[in-house]
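Heads up, the thing below is written out as structure tokens.
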Amino acid sequence: VRHPFRRHPIIEVIAITIALTAVGTVVVLNVPWLPEEASSQAGEMDTLYDVLAVASVFVFSLVMGILIVSVLRFRRRYGDEGDGVPIHGHTGLEVVWTTIPAIIVTGAAIYSGVVLADIEESKPATKTIDVTAQQFAWTFGYRGEGVKGAGELHLVEDTPYLFKLHAKDVLHSFWVPEFRLKKDAVPGMTTSVRVKPTRLGTYTLVCAELCGLGHSTMRATVRVEDQATFDRWAQAQQKAAPAGGGGQQGAAAPTLK
Amino acid sequence: MSTATATFEPPTMKKPRSRARQLLLGPNLLRGAWMTVAGAVFAFALVVVVRAVQGFHVLDGDAIVTVILIAAPLFFLVGIGGFDYWGKWMIGAPTEPEDHSGHGARSWKDYFRVNTDHKVIGIQYTVTAFFFFCVGGLLAEMMRAELAQPGQQLVDSNTFNGLFSVHASLMIFLVIIPIFAGLANFVIPLMIGAPDMAFPRLNALSYWLLPVAGIMMTASFIVPDGGAFNTGWTAYAPLSTDAPLGQNFFTIGVQFAGTSSIMTALNFLVTIITMRAPGMTFWRMPLLVWANFTTSLLVVIATPFVAGSQFLVLLDRALHARFFQSIYGGDVISYQHIFWFYSHPAVYIMMLPGFGIISEVISAKSRKPIFGYRMMALSLLAILVLGFTVWAHHMFVSGMFGWLRVPMMITTMAIAVPTGIKILSWLATLWRGVLELSTPMLFALGFITMFTLGGISGIMLAAIPVDIYTSDSYFVVAHIHYVLFGGSIFTVFAGVYYWFPKMTGRMYDERLGLIHFWTTFIGFNTTFGPMHWLGLEGMPRRVADYADKFAGWNLFVSISAALFGLVQLVFFYNMIVSWKWGPRAPGNPWRAKTLEWQVSSPPPIFNFDEIPQVVGGPYEYGVPGAVHAVLNGDREKVAVGAGDGHHAGAAGGNGHAGGGHDDTVRRE
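If you're matching them up, the sequences are chains A and B in order. My numbering applies: residue 139 is where the first sequence begins, and numbers increase by one. My numbering applies: residue 990 is where the second sequence begins, and numbers increase by one.
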């Protein structure tokens, strides 16, 4: 039976695409997919994620729109032994769907490059912390404060840090999801990652690169605190550390190169 | 080409051997078995002697096992008969000419010997790959069982690391890569109008390397000290160079799988370049042929790099070569560059043949020509070239020199363009077609949706800042499974259902096929979809244990995974029962245009009585008078018959079970 308001299939595709994109965008932007933002870099990275996610929703909706309409409109009716319309191609359409994705990904690449430059930008008054990874523990050394071999990472809010990563045995990877940033610690070389924590709280540093038996338990506590709390902790560490084994996990002294 | 022109020589008159002697000394599995043992003994003796001469401790278990892993498979291949022809030629004995007398499989036993028939080899490949698909799947189920709850329940972290390492290695090297080689092995000579592959003996040898690699990797679980290799399928140094003995089962197993891949790829290249039927120009090749041509180029160029990376690891491990030992001046990151220089193109090795399958299925099941055929072929070549320029996107957080990241991000995103062309062209092929929504078509449509999701998350991962956050998280696990299961395995299912009638001569059960598709489609999404969210929430991959906040989704995923695994039994039941008892398949049940459908199901031993003459494109559905190829005796008909009359009744071969040659000639 012919539908009285039978629309052109292209209109149906557009309608489905718009509807799916709208629903998808609402879901993508309103569900808290990512952990809380606890570094100055997180906001910009999350915005990039959101932009790409919305673009993705559109692309997927378009594909689904064409697919759904094709299946509903062009599926074979019982007994139909005929062929489809022999369309071999359409140069104009092919130029369009080569050019538009090329423009979209070029835009995405430029935007990503700008965000990358921003999050890795060096800031004045940056403090350096040596992070040493070893199967299966993290230790932290504060050059300025003379703290070595700390088992917890204590950071002062709104202070830019440069983490210098060292690995004693195999590859490890420094990842605090709330800070968003990640970098491998590589035996034989020093890698670095910049983070400016912006939110007080306690987080977990996890190892993100498979490093052996204890990989899933290779975690450390990260505390972002105010200057006074940090100073008290640093003083306690200074007293404890030279005595040997005073730090929480002081057994592994970091290699300071 | 020799096979095409091989002449029948009278069988050489030999003294008939006794049956027992034939069993023990003839090329068969029994000779393979005792020669494997002989190889092990040889390797043992070699190590003992060399170590004694050097003044080392004589009985070194690791050294002995390592040399056994190299030697025993070679002895096995000799035993099974993989080198018989060349062996006889080398020692000057009379060789047995390739007269095709050993072609075809008369009983199931014929699948367990060296057979040079591309159709037998194709089935050997496919069935072997599905066997390891089950093994790899079971390993995954064990992993999910452990991950159902936080904490340690079933396996310790060492075993867990072994589970995901062997799972990934089997699924990549023993399932996806070879299953495409298997389907292509069966179909491609038929599609291009050739009687066999260019090098049938090499083809047989390529196949027999596979079970060697698969058994080796699986057997690593029985290593008493340390168990299976547990450094992931990526085997990053220096974790892999320091790992216990089990690692060698990967390092050496990959060599066998890789050698198999390279030899098959060379075979495909030579076959496609030199053995196309008259008139089958490159621009008349079906897209499956294009896809495997491109894939074979990728394999030939890229696979030596993974072999190299694992050789370096083996040298580090066995001979303390120190390529990746930083304290001796080794460079840790160089491992990753070499490894990914293969392993990124490997992603396309695992996808492009699937693209070819989808093009065949979608065109035949939409009854429409492929939209933009030339762009479809050219985009494969574009992916081939671009695929070699993106490897370091796996290393954005690796600590490599930073300047390489942005160029690699740009090239990675650029691959979305040819890939997008393919997806949009498939969609345009559906448009205004006559879509038959049978099982192969549903898997093809399922592939389009799932692969689009995988491609989209791939673009997000290409954006360096997003990758910095998500790399090595469950987001990546979700992405690779959307690409490799929702992508590759869906195309495998589409292809297996599509060519099942051709391969077995029987029809599969359509109802079970539909059940399999819908349960797989749903189970796939409920299993791998939530992994995106776990990754975004901050769950790292490759962990035996996780924070309590991830417990809910992990339990959901584990339950889904169990059901998802169970519904695959429907597929295996359907395949096995239909193969044995299914209704006889006609030559061309799908009324398709490509050449493999113009012969009987299963095809005759020599494929074609006479080499076909190709006269047009492969997908001319709905084009009045269009003909792809002419087979025996139809030449005159075409000369006069093009464009006469109208749709002569059932345009397809549903009725005739036999040759069905006349299907090529469309009467519109």
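Note that beta-carbon positions come from the ideal geometry of N, C-alpha and C, so glycine has one too. This one's a predicted model, so the numbers in the text were calculated from it and none came from an experiment.
Mind checking whether Ile-1454(B) and Ala-1574(B) have CB atoms under 8 Å apart? The sequence given here has Pro at residue 1454(B), not Ile. Cβ atoms of Pro-1454(B) and Ala-1574(B): not closer than 8 Å.
By DSSP, does Glu-1349(B) sit in helix, in strand, or in coil? helix
Let's see if you can read the secondary structure: which residues bound the beta strand (DSSP E) around Trp-1380(B)? Counting along the chain, Trp-1380(B) falls outside any beta strand (DSSP E), and DSSP gives it neither H nor E.
So, for Arg-1040(B): in the same chain, excluding its five sequence neighbours on each side, which residues have a beta-carbon less than 6 Å away from its beta-carbon? Val-1047
Does DSSP classify His-1521(B) as helix, strand or coil? Residue state for His-1521(B) is assigned as helix, using DSSP reduced to three classes.
Grouping DSSP H, G and I as helix and E and B as strand, with all else coil, what is Ser-178(A)? Coil at Ser-178(A), not helix or strand.
Could you spell out where the beta strand (DSSP E) holding Ala-1226(B) opens and where it closes? It is not in any beta strand (DSSP E) - Ala-1226(B) carries neither H nor E in the DSSP assignment.
Neighbour list for Thr-1515(B) in chain A, Cβ cutoff strictly below 7 Å: Ordered by position in chain A, no residue passes the 7 Å Cβ test against Thr-1515(B), which lies about 17 Å from the chain.
Taking the straight line between their C-alpha atoms, what separation do you get for Ala-1052(B) and Leu-1303(B)? 11 Å
Starting from Leu-300(A), trace the beta strand (DSSP E) in both directions and tell me its first and last residue. 299 to 305
For the segment 302 to 312 of chain A against the segment 1215 to 1232 of chain B, are there 3 or more C-beta pairs whose distance is under 8 Å? yes
Leu-293(A) CB to nearest chain B CB: under 8 Å? no
Taking contact to mean at least 3 C-beta pairs separated by less than 8 Å, is the segment 335 to 349 of chain A in contact with the segment 359 to 378 of chain A? The segment 335 to 349 of chain A, when compared against the segment 359 to 378 of chain A, does touch it at the 8 Å Cβ threshold.
Taking only the alpha-carbon atoms, compute the straight-line gap between Ala-1170(B) and Gly-1484(B) and give it to the nearest angstrom. 12 Å
Roughly how many angstroms separate the alpha carbons of Val-314(A) and Ala-271(A), rounded to a whole number? 14 Å
With a threshold of 6 Å on Cβ separation, who are the neighbours of Glu-1349(B) within its own chain once the five nearest residues in sequence on each side are excluded? Leu-1277
Counting along the chain, where does the alpha helix (DSSP H) carrying Pro-1464(B) start and finish? Residue 1464(B) is actually Phe in this sequence, not Pro. In the DSSP assignment, Phe-1464(B) falls within the alpha helix (DSSP H) that extends over 1463 to 1472.
Val-1423(B) to Ile-1069(B), Cα distance in whole Å? Each residue's Cα considered, the two are about 49 Å apart.
Count the other CB atoms within 10 Å of the CB of Glu-1526(B); is the residue buried (16 or more) or exposed (fewer)? buried
Buried or exposed for Phe-1271(B), please, with buried defined as at least 16 other CB atoms from any protein chain shown within 10 angstroms of its CB. exposed
Check the Cβ-Cβ distances between Leu-319(A) and every residue of chain B, and say whether any is below 8 Å. At least one chain B Cβ lies under 8 Å of Leu-319(A).
For Met-356(A) versus Phe-274(A), is the C-beta distance shorter than 8 Å? Yes, the Cβ-Cβ distance between Met-356(A) and Phe-274(A) is below 8 Å.
Between Trp-1075(B), Ser-1332(B), Ser-1427(B), which has its C-alpha nearest Ala-1157(B)'s C-alpha? Ser-1332(B)
Can you tell me whether DSSP reads Ala-995(B) as helix, strand or coil? At Ala-995(B), the pLDDT of 47 sits below 50, so the modelled position is not reliable and the matter cannot be decided from this model.
To the nearest angstrom, how far is the alpha carbon of Ala-1551(B) from that of Asp-1461(B)? In this model, Ala-1551(B) and Asp-1461(B) are separated by some 24 Å (Cα to Cα).
Host beta strand (DSSP E) of Ile-267(A) (start-end): 265 to 272
Just list the residues that DSSP pairs Arg-1495(B) with in beta bridges. Arg-1573(B)
By alpha-carbon positions, which one of Ile-1504(B), Thr-1284(B), Val-1243(B), Ala-1536(B) ends up nearest to Phe-1561(B)? Nearest C-alpha to Phe-1561(B) among Ile-1504(B), Thr-1284(B), Val-1243(B), Ala-1536(B): Ile-1504(B).
In this structure, does DSSP put Trp-1097(B) in helix, strand or coil? It is helical.
So, is Trp-1078(B) buried or exposed, given that buried needs 16 or more other C-beta atoms within 10 angstroms? Around the C-beta of Trp-1078(B), fewer than 16 other C-beta atoms lie within 10 Å, and the residue is accordingly described as exposed.
Chain A within 8 Å of Lys-1357(B), Cβ atoms only: When Cβ-Cβ separations below 8 Å define contact, Lys-1357(B) makes contact with chain A.
Hey, how far is the Cα of Ala-1639(B) from the Cα of Ile-1080(B)? Interpretation of Ala-1639(B) is limited by its pLDDT of 35, a score under 50 that renders its predicted location unreliable; the figure taken from the coordinates is listed afterwards. Straight-line Cα distance between these residues: approximately 58 Å.
Along the alpha helix (DSSP H) that carries Ala-1202(B), what are the first and last residues, could you check? 1189 to 1208
For Cys-349(A), which of helix, strand or coil comes out of DSSP? coil
Who pairs with Pro-325(A) in a beta bridge, going by DSSP? Ala-305(A)
Give me the Cα-Cα distance between Cys-1123(B) and Ser-1549(B), rounded to the nearest whole angstrom. In this structure, the alpha-carbon of Cys-1123(B) lies about 17 Å from that of Ser-1549(B).
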